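In this note's numbering, the protein residues as written are 110 to 337. We put the CB at the ideal spot given by N, CA and C, even for glycine. Quantities reported herein were computed from a predicted structural model and do not represent experimental measurements. Shown next, in structure tokens, is the structure this report addresses.
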Amino acid sequence: MRLRRILAAAIVTSLAAPAALLTTAAPASAATATKIVGGTEGQSWIYRSYSSAGQPGGPVFGDTLRLDIEVQDANGAQVYDGTLTVQRQLPGKSWKTLKTSTSAYLYDSIKAAGNANYRVLYSGAGDFSPSDAGVKSKVQRKIEIKNVGDRKVVLQGKVSPKYKGKVVIFKKNGKKWKKVKTVRTNKKSTFRTPLPAPRSGRYYWNVKIKGSKTFAPSQTGKFYTYSY
């Protein structure tokens, strides 16, 4: 009987030992954190790089928005593995994919389409964890103006994208701007109105359109009329 008890104890000990080894095994290494950064010094990962409109303020409809996107680890070293997805969300719309990359970097461009949210999604790869970044962008309507008059100044403007609504004309009086008239665009998104020109000197003007959910307040910036 004593031999049987000793043998039984030996068997229990031999089975318990491997179980104890399993419970004390080292945990898997933690994933390395990552972050989205701009690839151009001093710039965000998305920024306006070109505008033909010449309007003061923020980006204008049709402006080129540059995408210079890179991924870094916690030590600031660039990460190359993984994929990127760039998406845009217009007001009242769902997210739409604009650009993708099969690597963890992207150098490309898109066009400003209106007020929007932008985000870039990094998939992660190997020990590198996924990450994302987002920005909001306010965009003006494009307002193109020119004089189509002969002996008198006749201001003609075209608004992009298609717009049917009010356009407000301001005139500078001293150091202040005064609203002088309101006109409406037609079905072609254009407007026309005469403007006075002084016999000497200049009159300064500015054309503005009120903001909305889809576009920021928009303006031409200062221009002038004169006689010769």
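With DSSP as the reference, label residue 161 as helix, strand or coil.
coil
Simplified DSSP state of residue 119, which is helix, strand or coil:
Low local confidence applies: a pLDDT of 38 at residue 119 is under 50, so the model's placement there is unreliable, with the coordinate-based value given in what follows. Three-state result, residue 119: helix.
In this structure, does DSSP put residue 173 in helix, strand or coil?
strand
Compute the Euclidean distance between the alpha carbons of residue 358 and residue 150, then round it to the nearest angstrom.
Any answer about residue 358 is impossible in this case: the structure gives the chain only from 110 up to 337.
Using beta-carbon positions only, say whether residue 141 and residue 239 come within less than 9 Å of one another.
no
Do residue 164 and residue 249 have their C-beta atoms closer together than 9 Å?
yes
Quick one: what's got a C-beta closer than 8 Å to residue 211's C-beta in the same chain, skipping five residues either side?
192
Does residue 309 come out as helix, strand or coil in the three-state DSSP assignment?
coil
Using DSSP bridges, identify the partner residues of residue 293.
275
Restricting to Cα atoms, I'd like to know which of 231, 320, 281 is closest to residue 311.
Answer by Cα proximity: 281.
Same chain only: Cβ atoms within 7 Å of residue 200, ignoring 5 sequence neighbours per side:
224, 322, 323
When you compare only the Cα positions, how much space is there between residue 337 and residue 307?
9 Å
Considering residue 269, what are the terminal residues of the beta strand (DSSP E) in which it resides?
262 to 269
Comparing C-alpha positions only, which one of 298, 216, 226, 301 sits nearest to residue 205?
226
Under three-state DSSP, which class holds residue 257?
Three-state DSSP puts residue 257 in coil, outside helix and strand.
Buried or exposed for residue 183, please, with buried defined as at least 16 other CB atoms from any protein chain shown within 10 angstroms of its CB.
The residue in question, residue 183, is exposed, as its Cβ has fewer than 16 Cβ neighbours within 10 Å.
Cβ-based burial, residue 245 [other Cβ within 10 Å; buried from 16]:
exposed
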